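Worksheet for the structure shown next.
Protein chains: 2
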Amino acid sequence: MATAGLDVLLLTCEPEVRYFSGFLSRFWESPTRPWFLLVPVRGKPIAVIPEIGAAGMAATWIEDIRTWSAPDLKDDGISLLKGALDDVTEAQGRIGLAMDLESHLRMPLRDFEALRARLPGKAFVDAGPLLRSLRGVKSEAEIDKIRYACHVASSGFEALPGHAALGQSEREICRQLKINMLSGGADSTPYVIAGSGPGGYDNIIMGPTDRQLGAGDVLIIDTGTTYDGYFCDFDRNWAFGRSDDEVRRAYEVVFAATEAGYQAARPGATAADLWAAMARVMEAGGSLGNEVGRLGHGLGMQLTEGHSNMPGDETILQPGMVVTLEPGMTFAPQRMMVHEENIVIREGEAEWLSWRAAPELPIIK
Amino acid sequence: MATAGLDVLLLTCEPEVRYFSGFLSRFWESPTRPWFLLVPVRGKPIAVIPEIGAAGMAATWIEDIRTWSAPDLKDDGISLLKGALDDVTEAQGRIGLAMDLESHLRMPLRDFEALRARLPGKAFVDAGPLLRSLRGVKSEAEIDKIRYACHVASSGFEALPGHAALGQSEREICRQLKINMLSGGADSTPYVIAGSGPGGYDNIIMGPTDRQLGAGDVLIIDTGTTYDGYFCDFDRNWAFGRSDDEVRRAYEVVFAATEAGYQAARPGATAADLWAAMARVMEAGGSLGNEVGRLGHGLGMQLTEGHSNMPGDETILQPGMVVTLEPGMTFAPQRMMVHEENIVIREGEAEWLSWRAAPELPIIK
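In order, the protein sequences belong to chains A and B. The first sequence begins at 12 in the numbering used here and counts up one residue at a time. The second sequence begins at 12 in the numbering used here and counts up one residue at a time.
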């Protein structure tokens, strides 16, 4: 912060507030009330939060907790926030706020503009890169939580052929998977998608629907399952009844691309290098393209966070960074094959966090 | 929109985009890519979305779908969005955007400011009240989904005394509840909190934790469980082993406050009237205050949406509005009692959507 000339960070989003405070609550699901955490360059953080959160925040390490009775139809914390910002900045102070790619401002735009107007000498500066670099390298405690989430999901995926059957719907199969992951120790499964179709699926972000699986179908399920506020994010593919050569071949190409990504995932390589290693294998394997826009990303307190494995992202991999390898390709019109695994960058070879997918497309009879 | 002088609505958040398009995807869990839907005052909506969403959006009624390969580190859809806005507005056009209470702008602030700078003649105008009034009154199809979510959660809560026991943790009890709700037909349970303590709980937005339930404890669980993108939002309370007079009395007061809220929930009454009806009962019953800031709210595509049952909110209740009645009070230092039920406003008496809580505090032996 000192190097960037920042006097204070103004944090408004759940993962940002949690990262610095430890405040973990599902209450962010409600969009009603804004929450603010100030991290000054000197001194301790200040929470400026709705009164409903006082007891919860008092259980964290944050000592300076300022509350208002929210919602307030006239002044929903803005005067209180202005006062706190004045307390920790000079007249010409610089307030860091995430403004760039992947960031959102979790407060009404009207209120942000009113706040800015009431702090005329102060500058709001983009703190997105700083926050990304801090959060990108995980502690071992964070990695333990992600590994646990990965193991629970891996176990759920491995059990799937035992309960999924021809004639079941995507929705039924995903419901049992979620139940198995909860039983296995997951806290929640905010993200499950399913795609299926004859010989392949045409997208990886919709469903699960009531579509029933028939012979020759390929099913993908992707999940972000959490433990103690940390995500896994990976998928698995299955054929139902039978699979054709084209599908099996696409599976093998994408499996090999994941291996190439894994081998490239060393300290000092860039996110773009990871992309190149995987893309090369898929191009050689007949890829017709990729609608996902990248081949994996950072992972942690959010389903996706930090860098993107894509051309132009020169983020340098460091030990402790948790990364998804997500090679995907269109191998025939409207038919995609996407794999995903989760790893943590270590000195030398990376550590697998998800249990490696089967090298050949599993068939559910 | 014509009355408000709006040429187009610019929608950036999941429920807003879904409300007008029908696009339902869990992919919004990833903060990486922005999504835009334009609803012009004349003509059909235009989706400006990441290419990864093309197949899913094509399955809705939206025909004009413009995509870019996202994420794009240099121009993440902003030029495409600017072009679409130019297509549907004159040089001095007025672009409606939710800016007020409860709203967020789901795109990077930097990109919004760049967009605004590239549309110098056009005005961004607050469309929050318009969107709220549209979404506030539900169709019968919407109400059916909320009722179903309420029934699944009600059934889960009713089954809880059959599996919860002294010595279990909040986390264990909530896990089984979630499994039962999934088995019972819920799509997901994005929101579960649990609070417990001897003779009462001190907050309603944290947990579930590993705290074990002992004799004399009171447990609250509140859930937002979904079906087809629609939420329920209500809670239940239980005593473990035994309950003292003070707790039972607080339960009865808050139960009576819910009844008073229900009786007041008629077309033509205001949200402030609902608050007054419930607050009166709790004041007479010895309330020491309320940290929640309101006594219920609108409900539907979000856990909380629309109006607040509180002084100053003069929203007029209309048939089809789905409302939570959420009376809560502090009845002793650090001890709260909060009830919540879901209703839909009808001509005459409202319809209960959640199954009414027991009139006396249930005790789990």
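Every residue, glycine too, gets a C-beta built ideally from N, C-alpha and C. Bear in mind that the values here come from a model prediction, so they are computed numbers and not experimental data.
- LEU230 of chain B sits close to ALA205 of chain B, with the two beta carbons spaced by under 8 Å.
- For GLY317 of chain A, the secondary structure class from DSSP, reduced to helix, strand or coil, is strand.
- Where PHE123 of chain A is concerned, the enclosing alpha helix (DSSP H) starts and stops at 120–128.
- Within 7 Å of the CB of ASP87 of chain B, the CB atoms of chain A belong to LEU112, in sequence order along the chain.
- If you look at SER199 of chain B, you'll find it in the beta strand (DSSP E) that goes 199–209.
- Excluding the 5 residues flanking it on each side, ALA160 of chain B has same chain C-beta neighbours closer than 8 Å at ALA197, THR236, THR237, TYR238, TYR241, PHE242, CYS243, in chain order.
- Contact of THR269 of chain B with chain A is not assigned, every C-beta pair being separated by 8 Å or more.
- Using beta-carbon distances, GLY240 of chain A does not count as an interface residue toward chain B, since no partner is under 8 Å.
- Contact annotation: ALA276 of chain B and ALA361 of chain B have beta-carbon atoms nearer than 8 Å.
- In this chain, the beta strand (DSSP E) harbouring ASN248 of chain A covers 245–251.
- If you compare the alpha carbons of B:PHE168, B:TRP46, B:GLY208, B:LEU142 with that of SER180 of chain B, the shortest gap goes to B:GLY208.
- Pairwise C-beta distances place the segment 102–113 of chain A in contact with the segment 132–145 of chain A, as three or more of them are shorter than 8 Å.
- Classified as exposed, PRO344 of chain A has fewer than 16 neighbouring CB atoms from the shown chains inside 10 Å of its CB.
- DSSP places GLU62 of chain B in the helix class (H, G or I) of the three-state scheme.
- It is roughly 11 Å from the alpha-carbon of PHE342 of chain A to the alpha-carbon of ARG259 of chain A.
- Residue burial annotation: LEU177 of chain B is exposed, with fewer than 16 other C-beta atoms found within 10 angstroms of its C-beta.
- The DSSP-derived three-state label of LEU141 of chain B is helix.
- DSSP lists A:MET332 as the bridge partner or partners of VAL148 of chain A.
- Three or more beta-carbon pairs separated by less than 8 Å are not found between the segment 50–63 of chain B and the segment 283–297 of chain A, which leaves the two stretches without contact.
- Counting every other CB atom within 10 Å of its CB across the protein chains shown gives ASP256 of chain B a total below 16, marking it as exposed.
- For the segment 202–233 of chain A, the set of residues with a beta-carbon nearer than 7 Å to any beta-carbon of chain B comprises TYR202, VAL203, ILE204, ASP213, ASN214, ILE216, MET217, in chain order.
- Residues of chain B whose Cβ lies closer than 7 Å to the Cβ of GLN313 of chain A are, in chain order, PRO42.
- With contacts defined by Cβ atoms closer than 8 Å, VAL334 of chain B and GLY307 of chain B form a contacting pair.
- ARG37 of chain B is not a Cβ neighbour of TYR212 of chain A, given a cutoff of 8 Å.
- Between GLY297 of chain B and ILE354 of chain B, the alpha-carbon positions lie close to 26 Å from each other.
- Annotated as distal: VAL52 of chain A and PHE31 of chain A, with beta-carbon spacing of 8 Å or more.
- In the displayed model, TRP46 of chain B falls within coil according to three-state DSSP, outside both helix and strand.
- About 22 Å separates the CB atoms of ALA368 of chain B and ARG186 of chain B; that is not less than 8 Å, and the two are not in contact.
- Put simply, the CB of PRO373 of chain B is far from chain A, with every gap to its CB atoms at 8 Å or more.
- By the CB criterion at 8 Å, ALA164 of chain B and THR234 of chain B fall inside the cutoff.
- Where PHE342 of chain B is concerned, the enclosing beta strand (DSSP E) starts and stops at 339–343.
- In the DSSP assignment, GLU362 of chain A is bridged to A:VAL355.
- The C-alpha of THR200 of chain B lies about 16 Å from the C-alpha of GLY218 of chain A.
- For HIS350 of chain B, there are no C-beta contacts with chain A under 7 Å, since the nearest C-beta of that chain is about 16 Å from it.
- With respect to chain B, the C-beta atom of SER90 of chain A has no partner C-beta closer than 8 Å.
- In terms of beta-carbon proximity, ASP324 of chain A lines the interface with chain B, with at least one pair separated by less than 8 Å.
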